[in-house]
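In this note's numbering, the protein residues as written are 822 to 1192. Using N, Cα and C, we set each Cβ at its ideal position, and we do this for glycine too. Please read all numbers here as calculations on a predicted model, not as lab measurements. Reviewing the structure listed below.
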(Lines of atoms letter the chains of each structure in order from A and count residues from 1; the text may use other names and numbers.)
(Lines give C-alpha, C1' and ligand atoms only; values in the text may rest on other atoms or scores of the structure.)
Protein backbone atom coordinates (compact mmCIF):
# COMPACT_ATOMS: atom_id res chain seq x y z
CA UNK A 1 0.00 0.00 0.00
CA UNK A 2 1.36 3.43 -0.90
CA UNK A 3 2.03 6.17 1.63
CA UNK A 4 -0.89 8.24 0.35
CA UNK A 5 -3.36 5.34 0.67
CA UNK A 6 -2.12 4.39 4.12
CA UNK A 7 -2.51 7.99 5.29
CA UNK A 8 -6.04 8.06 3.90
CA UNK A 9 -6.84 4.79 5.69
CA UNK A 10 -5.44 6.12 8.96
CA UNK A 11 -7.47 9.32 8.70
CA UNK A 12 -10.61 7.31 7.91
CA UNK A 13 -10.01 5.05 10.90
CA UNK A 14 -9.48 8.07 13.15
CA UNK A 15 -12.70 9.70 11.91
CA UNK A 16 -14.67 6.47 12.36
CA UNK A 17 -13.24 5.76 15.81
CA UNK A 18 -13.98 9.29 17.00
CA UNK A 19 -17.59 9.07 15.86
CA UNK A 20 -18.02 5.60 17.35
CA UNK A 21 -16.78 6.83 20.71
CA UNK A 22 -18.92 9.98 20.49
CA UNK A 23 -22.01 8.00 19.42
CA UNK A 24 -21.50 5.49 22.22
CA UNK A 25 -21.15 8.30 24.75
CA UNK A 26 -24.35 9.94 23.46
CA UNK A 27 -26.19 6.59 23.65
CA UNK A 28 -25.06 5.96 27.23
CA UNK A 29 -26.03 9.51 28.18
CA UNK A 30 -29.42 9.06 26.54
CA UNK A 31 -29.98 5.80 28.44
CA UNK A 32 -29.21 7.50 31.74
CA UNK A 33 -31.41 10.52 31.03
CA UNK A 34 -34.34 8.45 29.71
CA UNK A 35 -34.11 6.04 32.68
CA UNK A 36 -34.17 8.91 35.13
CA UNK A 37 -37.10 10.56 33.33
CA UNK A 38 -39.06 7.30 33.11
CA UNK A 39 -38.38 6.45 36.72
CA UNK A 40 -39.61 9.89 37.81
CA UNK A 41 -42.75 9.59 35.67
CA UNK A 42 -43.52 6.01 36.76
CA UNK A 43 -43.01 6.90 40.40
CA UNK A 44 -45.63 9.61 40.06
CA UNK A 45 -48.01 7.28 38.20
CA UNK A 46 -47.66 4.34 40.60
CA UNK A 47 -47.27 6.17 43.92
CA UNK A 48 -51.01 6.62 44.52
CA UNK A 49 -51.85 3.05 43.54
CA UNK A 50 -49.15 1.38 45.63
CA UNK A 51 -50.16 3.23 48.81
CA UNK A 52 -53.77 1.95 48.92
CA UNK A 53 -53.03 -1.73 48.13
CA UNK A 54 -52.01 -4.59 50.38
CA UNK A 55 -48.33 -5.55 50.49
CA UNK A 56 -48.59 -8.33 47.88
CA UNK A 57 -50.39 -6.11 45.37
CA UNK A 58 -47.99 -3.25 46.04
CA UNK A 59 -45.06 -5.59 45.34
CA UNK A 60 -46.71 -6.71 42.10
CA UNK A 61 -47.19 -3.09 40.98
CA UNK A 62 -43.54 -2.35 41.82
CA UNK A 63 -42.43 -5.35 39.75
CA UNK A 64 -44.55 -4.13 36.87
CA UNK A 65 -42.91 -0.72 37.08
CA UNK A 66 -39.45 -2.33 37.10
CA UNK A 67 -40.37 -4.50 34.11
CA UNK A 68 -41.44 -1.42 32.17
CA UNK A 69 -38.13 0.26 33.05
CA UNK A 70 -36.07 -2.75 31.97
CA UNK A 71 -38.05 -3.22 28.75
CA UNK A 72 -37.62 0.45 27.87
CA UNK A 73 -33.91 0.26 28.58
CA UNK A 74 -33.39 -2.88 26.47
CA UNK A 75 -35.43 -1.46 23.60
CA UNK A 76 -33.55 1.84 23.66
CA UNK A 77 -30.19 0.09 23.91
CA UNK A 78 -30.96 -2.25 21.00
CA UNK A 79 -32.46 0.30 18.64
CA UNK A 80 -30.03 3.04 19.69
CA UNK A 81 -27.09 0.66 19.19
CA UNK A 82 -28.31 -0.24 15.69
CA UNK A 83 -28.72 3.46 14.90
CA UNK A 84 -25.20 4.28 16.11
CA UNK A 85 -23.78 1.35 14.12
CA UNK A 86 -25.60 2.36 10.91
CA UNK A 87 -24.60 6.01 11.24
CA UNK A 88 -21.01 4.91 12.05
CA UNK A 89 -20.82 2.96 8.78
CA UNK A 90 -22.16 5.93 6.82
CA UNK A 91 -19.83 8.43 8.51
CA UNK A 92 -16.84 6.12 8.00
CA UNK A 93 -17.59 5.99 4.28
CA UNK A 94 -18.03 9.75 4.28
CA UNK A 95 -14.73 10.04 6.18
CA UNK A 96 -13.01 8.03 3.43
CA UNK A 97 -14.14 10.51 0.76
CA UNK A 98 -13.43 13.52 2.99
CA UNK A 99 -9.92 12.22 3.69
CA UNK A 100 -9.37 11.81 -0.04
CA UNK A 101 -10.49 15.39 -0.63
CA UNK A 102 -8.25 16.72 2.13
CA UNK A 103 -5.26 14.75 0.81
CA UNK A 104 -5.78 15.72 -2.83
CA UNK A 105 -3.40 18.73 -2.64
CA UNK A 106 -0.78 16.53 -0.99
CA UNK A 107 -1.24 13.97 -3.76
CA UNK A 108 -0.62 16.72 -6.28
CA UNK A 109 2.58 17.69 -4.49
CA UNK A 110 3.70 14.06 -4.44
CA UNK A 111 2.91 13.57 -8.13
CA UNK A 112 4.84 16.74 -8.99
CA UNK A 113 7.80 15.51 -6.95
CA UNK A 114 7.75 12.22 -8.89
CA UNK A 115 7.71 14.10 -12.19
CA UNK A 116 10.60 16.25 -11.00
CA UNK A 117 12.49 13.08 -10.16
CA UNK A 118 12.11 12.31 -13.86
CA UNK A 119 14.16 15.48 -14.64
CA UNK A 120 11.29 17.84 -15.42
CA UNK A 121 12.10 20.86 -13.27
CA UNK A 122 9.88 23.12 -15.38
CA UNK A 123 6.71 21.63 -13.86
CA UNK A 124 4.91 23.39 -11.00
CA UNK A 125 2.08 22.48 -8.63
CA UNK A 126 0.24 25.79 -9.07
CA UNK A 127 -2.38 24.79 -6.48
CA UNK A 128 -5.68 26.62 -6.98
CA UNK A 129 -7.06 26.70 -3.43
CA UNK A 130 -7.95 29.23 -0.74
CA UNK A 131 -5.20 30.25 1.70
CA UNK A 132 -4.35 27.36 4.02
CA UNK A 133 -1.43 25.37 5.37
CA UNK A 134 -1.45 23.10 2.30
CA UNK A 135 -1.63 26.10 -0.05
CA UNK A 136 1.36 27.63 1.73
CA UNK A 137 3.26 24.33 1.40
CA UNK A 138 2.52 24.10 -2.32
CA UNK A 139 3.58 27.72 -2.91
CA UNK A 140 6.81 27.15 -0.97
CA UNK A 141 7.45 24.02 -3.04
CA UNK A 142 6.91 25.98 -6.27
CA UNK A 143 9.33 28.68 -5.09
CA UNK A 144 11.93 26.05 -4.33
CA UNK A 145 11.45 24.58 -7.82
CA UNK A 146 11.93 28.01 -9.37
CA UNK A 147 15.27 28.41 -7.62
CA UNK A 148 16.36 24.87 -8.50
CA UNK A 149 15.35 25.28 -12.14
CA UNK A 150 17.26 28.54 -12.37
CA UNK A 151 20.32 27.03 -10.69
CA UNK A 152 20.42 23.97 -12.97
CA UNK A 153 19.82 26.08 -16.07
CA UNK A 154 22.61 28.44 -15.06
CA UNK A 155 24.96 25.55 -14.43
CA UNK A 156 24.20 24.05 -17.84
CA UNK A 157 24.71 27.40 -19.58
CA UNK A 158 28.01 27.93 -17.76
CA UNK A 159 29.35 24.51 -18.78
CA UNK A 160 28.26 24.96 -22.38
CA UNK A 161 29.65 28.51 -22.66
CA UNK A 162 32.93 27.57 -20.98
CA UNK A 163 33.37 24.56 -23.23
CA UNK A 164 32.70 26.63 -26.35
CA UNK A 165 35.11 29.35 -25.24
CA UNK A 166 37.83 26.76 -24.60
CA UNK A 167 37.47 25.29 -28.08
CA UNK A 168 38.75 28.43 -29.80
CA UNK A 169 42.26 28.53 -28.27
CA UNK A 170 42.58 24.76 -28.67
CA UNK A 171 41.78 25.04 -32.38
CA UNK A 172 44.31 27.86 -32.68
CA UNK A 173 46.97 25.81 -30.88
CA UNK A 174 46.37 22.85 -33.17
CA UNK A 175 46.71 25.05 -36.25
CA UNK A 176 49.97 26.59 -35.04
CA UNK A 177 51.45 23.19 -34.22
CA UNK A 178 50.46 21.76 -37.59
CA UNK A 179 51.96 24.78 -39.39
CA UNK A 180 55.23 24.40 -37.46
CA UNK A 181 55.38 20.68 -38.22
CA UNK A 182 54.70 21.31 -41.91
CA UNK A 183 57.77 23.52 -42.37
CA UNK A 184 60.41 21.75 -44.49
CA UNK A 185 63.28 22.82 -42.24
CA UNK A 186 61.69 21.58 -38.96
CA UNK A 187 64.06 19.21 -37.12
CA UNK A 188 62.94 15.75 -35.88
CA UNK A 189 62.72 17.09 -32.33
CA UNK A 190 60.08 19.59 -33.44
CA UNK A 191 58.17 16.83 -35.23
CA UNK A 192 58.18 14.69 -32.09
CA UNK A 193 57.16 17.63 -29.92
CA UNK A 194 54.41 18.49 -32.38
CA UNK A 195 53.05 14.95 -32.29
CA UNK A 196 52.94 15.07 -28.49
CA UNK A 197 51.27 18.47 -28.48
CA UNK A 198 48.69 17.35 -31.02
CA UNK A 199 47.90 14.28 -28.90
CA UNK A 200 47.44 16.45 -25.81
CA UNK A 201 45.39 18.93 -27.80
CA UNK A 202 43.17 16.12 -29.14
CA UNK A 203 42.60 14.81 -25.65
CA UNK A 204 41.56 18.28 -24.47
CA UNK A 205 39.17 18.64 -27.41
CA UNK A 206 37.58 15.30 -26.59
CA UNK A 207 37.25 16.36 -22.96
CA UNK A 208 35.44 19.54 -23.97
CA UNK A 209 33.16 17.63 -26.34
CA UNK A 210 32.36 15.25 -23.50
CA UNK A 211 31.53 18.16 -21.20
CA UNK A 212 29.19 19.56 -23.84
CA UNK A 213 27.50 16.20 -24.24
CA UNK A 214 27.15 15.82 -20.47
CA UNK A 215 25.65 19.30 -20.12
CA UNK A 216 23.21 18.59 -22.93
CA UNK A 217 22.26 15.17 -21.54
CA UNK A 218 21.42 16.64 -18.13
CA UNK A 219 18.81 18.91 -19.72
CA UNK A 220 15.37 17.74 -20.76
CA UNK A 221 15.33 15.92 -24.09
CA UNK A 222 13.46 18.10 -26.57
CA UNK A 223 14.10 16.21 -29.82
CA UNK A 224 12.59 12.73 -29.96
CA UNK A 225 12.58 10.43 -32.97
CA UNK A 226 12.30 6.72 -33.51
CA UNK A 227 15.70 5.01 -33.45
CA UNK A 228 16.91 1.41 -33.28
CA UNK A 229 19.55 0.67 -30.67
CA UNK A 230 20.77 -2.24 -32.79
CA UNK A 231 21.65 0.09 -35.67
CA UNK A 232 23.49 2.48 -33.38
CA UNK A 233 25.37 -0.43 -31.79
CA UNK A 234 26.41 -1.68 -35.24
CA UNK A 235 27.90 1.72 -36.06
CA UNK A 236 29.71 1.87 -32.70
CA UNK A 237 31.19 -1.61 -33.10
CA UNK A 238 32.43 -0.78 -36.60
CA UNK A 239 33.97 2.48 -35.36
CA UNK A 240 36.05 0.65 -32.74
CA UNK A 241 36.94 -2.35 -34.93
CA UNK A 242 40.46 -1.07 -35.71
CA UNK A 243 41.28 -0.44 -32.05
CA UNK A 244 39.84 -3.83 -31.08
CA UNK A 245 41.96 -5.57 -33.72
CA UNK A 246 45.06 -3.74 -32.48
CA UNK A 247 44.44 -5.12 -28.98
CA UNK A 248 43.51 -8.55 -30.37
CA UNK A 249 40.06 -8.34 -28.83
CA UNK A 250 37.27 -10.69 -29.82
CA UNK A 251 34.07 -8.67 -30.32
CA UNK A 252 30.80 -10.63 -30.25
CA UNK A 253 27.52 -8.96 -31.20
CA UNK A 254 23.93 -10.16 -30.85
CA UNK A 255 21.98 -7.18 -32.11
CA UNK A 256 18.26 -7.82 -32.17
CA UNK A 257 15.96 -4.95 -33.10
CA UNK A 258 15.44 -2.65 -30.11
CA UNK A 259 13.40 0.41 -31.17
CA UNK A 260 13.06 3.37 -28.81
CA UNK A 261 12.03 7.03 -29.09
CA UNK A 262 14.63 9.62 -28.12
CA UNK A 263 17.41 11.95 -29.20
CA UNK A 264 19.41 10.02 -31.83
CA UNK A 265 22.62 12.00 -31.26
CA UNK A 266 22.61 11.47 -27.50
CA UNK A 267 21.72 7.80 -27.83
CA UNK A 268 24.49 7.31 -30.37
CA UNK A 269 26.95 8.95 -27.96
CA UNK A 270 25.69 6.68 -25.16
CA UNK A 271 26.36 3.51 -27.15
CA UNK A 272 29.68 4.79 -28.50
CA UNK A 273 30.85 5.45 -24.95
CA UNK A 274 29.82 1.99 -23.83
CA UNK A 275 31.61 0.20 -26.67
CA UNK A 276 34.63 2.51 -26.54
CA UNK A 277 35.04 1.95 -22.80
CA UNK A 278 34.68 -1.80 -23.25
CA UNK A 279 37.53 -1.75 -25.78
CA UNK A 280 39.70 0.84 -24.06
CA UNK A 281 39.59 -0.64 -20.55
CA UNK A 282 40.34 -4.21 -21.55
CA UNK A 283 43.24 -6.63 -21.64
CA UNK A 284 45.17 -8.03 -24.58
CA UNK A 285 43.44 -11.02 -26.16
CA UNK A 286 40.30 -10.12 -24.23
CA UNK A 287 36.68 -10.03 -25.33
CA UNK A 288 33.78 -7.62 -25.75
CA UNK A 289 30.11 -8.62 -25.89
CA UNK A 290 27.39 -6.31 -27.24
CA UNK A 291 23.76 -7.38 -26.96
CA UNK A 292 20.51 -5.55 -27.73
CA UNK A 293 16.95 -6.74 -27.29
CA UNK A 294 13.41 -5.43 -27.03
CA UNK A 295 11.04 -6.16 -24.15
CA UNK A 296 7.30 -5.37 -24.03
CA UNK A 297 7.82 -2.07 -22.19
CA UNK A 298 11.48 -1.25 -22.69
CA UNK A 299 14.52 -1.86 -24.86
CA UNK A 300 17.98 -2.55 -23.51
CA UNK A 301 21.59 -2.78 -24.55
CA UNK A 302 24.16 -4.76 -22.60
CA UNK A 303 27.90 -4.25 -23.16
CA UNK A 304 30.30 -6.50 -21.27
CA UNK A 305 34.06 -6.88 -21.43
CA UNK A 306 37.02 -8.57 -19.85
CA UNK A 307 39.45 -6.44 -17.88
CA UNK A 308 40.60 -5.52 -14.42
CA UNK A 309 38.83 -6.99 -11.41
CA UNK A 310 36.32 -4.47 -10.04
CA UNK A 311 34.73 -4.75 -6.60
CA UNK A 312 31.02 -4.13 -6.15
CA UNK A 313 31.58 -1.16 -3.84
CA UNK A 314 33.62 0.57 -6.56
CA UNK A 315 30.79 0.51 -9.10
CA UNK A 316 28.92 3.69 -7.96
CA UNK A 317 32.12 5.77 -8.21
CA UNK A 318 32.56 4.81 -11.87
CA UNK A 319 29.47 6.81 -12.82
CA UNK A 320 30.83 9.97 -11.20
CA UNK A 321 32.44 12.56 -13.50
CA UNK A 322 36.22 12.28 -13.96
CA UNK A 323 36.41 8.87 -12.28
CA UNK A 324 38.37 6.17 -14.08
CA UNK A 325 38.86 2.46 -13.57
CA UNK A 326 42.39 2.89 -12.22
CA UNK A 327 42.58 6.33 -10.65
CA UNK A 328 41.34 9.89 -10.98
CA UNK A 329 44.25 11.54 -12.76
CA UNK A 330 46.84 8.96 -13.70
CA UNK A 331 45.21 7.34 -16.68
CA UNK A 332 45.71 8.81 -20.12
CA UNK A 333 43.15 6.51 -21.72
CA UNK A 334 40.12 8.71 -21.11
CA UNK A 335 38.65 11.75 -19.44
CA UNK A 336 36.55 9.86 -16.92
CA UNK A 337 33.27 11.17 -18.35
CA UNK A 338 32.22 8.12 -20.40
CA UNK A 339 29.95 6.40 -17.89
CA UNK A 340 28.75 9.74 -16.49
CA UNK A 341 27.46 10.59 -19.96
CA UNK A 342 25.94 7.12 -20.32
CA UNK A 343 23.89 7.45 -17.13
CA UNK A 344 22.96 11.09 -17.80
CA UNK A 345 21.65 10.26 -21.29
CA UNK A 346 19.77 7.20 -20.00
CA UNK A 347 18.11 9.16 -17.20
CA UNK A 348 17.25 12.01 -19.60
CA UNK A 349 15.27 9.39 -21.54
CA UNK A 350 13.58 8.14 -18.33
CA UNK A 351 15.82 5.08 -18.25
CA UNK A 352 18.85 4.03 -16.26
CA UNK A 353 22.28 2.42 -16.53
CA UNK A 354 23.42 -0.36 -14.18
CA UNK A 355 26.89 -1.87 -13.98
CA UNK A 356 27.84 -5.19 -12.40
CA UNK A 357 31.32 -6.71 -12.09
CA UNK A 358 32.02 -9.87 -14.08
CA UNK A 359 33.63 -12.91 -12.46
CA UNK A 360 37.31 -12.90 -13.35
CA UNK A 361 37.41 -9.20 -14.25
CA UNK A 362 35.64 -6.67 -16.37
CA UNK A 363 32.20 -5.12 -16.27
CA UNK A 364 28.75 -5.73 -17.63
CA UNK A 365 26.79 -2.50 -18.19
CA UNK A 366 23.07 -2.69 -18.89
CA UNK A 367 21.16 0.34 -20.16
CA UNK A 368 17.35 0.21 -20.02
CA UNK A 369 15.30 2.67 -22.05
CA UNK A 370 11.49 2.84 -22.16
CA UNK A 371 10.00 2.15 -25.56
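- The bridge partners DSSP lists for residue 909 come to none.
- 8 Å or more divides the Cβ of residue 910 from the Cβ of residue 844.
- Taking all protein chains shown into account, residue 922 has fewer than 16 neighbouring C-beta atoms within 10 Å of its C-beta and is therefore exposed.
- Check the Cα spacing between residue 834 and each of 1170, 918 and 1188: the tightest is with 918.
- When the beta-carbon positions are compared, residue 1054 and residue 1019 stay at least 8 Å from each other.
- In this structure residue 1167 is in contact with residue 1091, their Cβ atoms being roughly 7 Å apart against a cut-off of 8 Å.
- Assigned with DSSP and collapsed to three states, residue 1097 falls in helix.
- The Cβ-Cβ distance between residue 1182 and residue 1129 falls below 8 Å.
- Residue burial annotation: residue 926 is buried, with at least 16 other C-beta atoms found within 10 angstroms of its C-beta.
- No Cβ-Cβ contact shorter than 8 Å links residue 1106 with residue 1045.
- In the three-state reduction of the DSSP assignment, residue 1118 falls in the coil class, being assigned neither a helical nor a strand state.
- In the DSSP assignment, residue 992 is bridged to no other residue.
- With contacts defined by Cβ atoms closer than 8 Å, residue 1162 and residue 989 do not form a contacting pair.
- Residue burial is scored here from C-beta neighbours: residue 895 has fewer than 16 other C-beta atoms within 10 angstroms and is therefore classed as exposed.
- Residue state for residue 1025 is assigned as helix, using DSSP reduced to three classes.
- DSSP places residue 1191 in the uninterrupted beta strand (DSSP E) bounded by 1184-1191.
- Residue burial annotation: residue 933 is buried, with at least 16 other C-beta atoms found within 10 angstroms of its C-beta.
- By the criterion of at least three beta-carbon pairs nearer than 8 Å, the region 848-863 is not in contact with the region 942-952.
- In this structure residue 1111 touches residue 1096 by the C-beta definition: roughly 6 Å separates them, less than 8 Å.
- Of 1118, 1072 and 981, the smallest CA-CA separation from residue 1189 is found for 1118.
- Closest option to residue 1093, judged by alpha-carbon separation, among 1051, 852 and 948: 1051.
- The residue among 1115, 847 and 1011 with its C-alpha nearest the C-alpha of residue 997 is 1011.
- The C-beta of residue 1120 has 16 or more other C-beta atoms within 10 Å across all chains shown, which makes the residue buried.
- Closest in alpha carbon position to residue 1101, among 1114, 1137 and 1160, is 1160.
- Residue 1159: member of the alpha helix (DSSP H) spanning 1159-1169, first to last residue.
- With a beta-carbon spacing of about 5 Å, residue 984 and residue 1029 fall inside the 8 Å limit used to define contacts.
- Across the structure, residue 840 and residue 827 are spaced so that their CA atoms are roughly 20 Å apart.
- Annotation for residue 1063: no beta strand (DSSP E) segment contains it, though the alpha helix (DSSP H) segment containing it runs 1062-1067.
- The beta carbons of residue 1165 and residue 1139 sit no closer together than 8 Å.
- Taking all protein chains shown into account, residue 1103 has 16 or more neighbouring C-beta atoms within 10 Å of its C-beta and is therefore buried.
- In this structure, residue 980 sits away from residue 958, with a CB-CB distance that is not shorter than 8 Å.
- Per DSSP, residue 976 has no beta-bridge partner at all.
- In its own chain, leaving out the 5 sequence neighbours on each side, no residue places its CB closer than 7 Å to the CB of residue 967.
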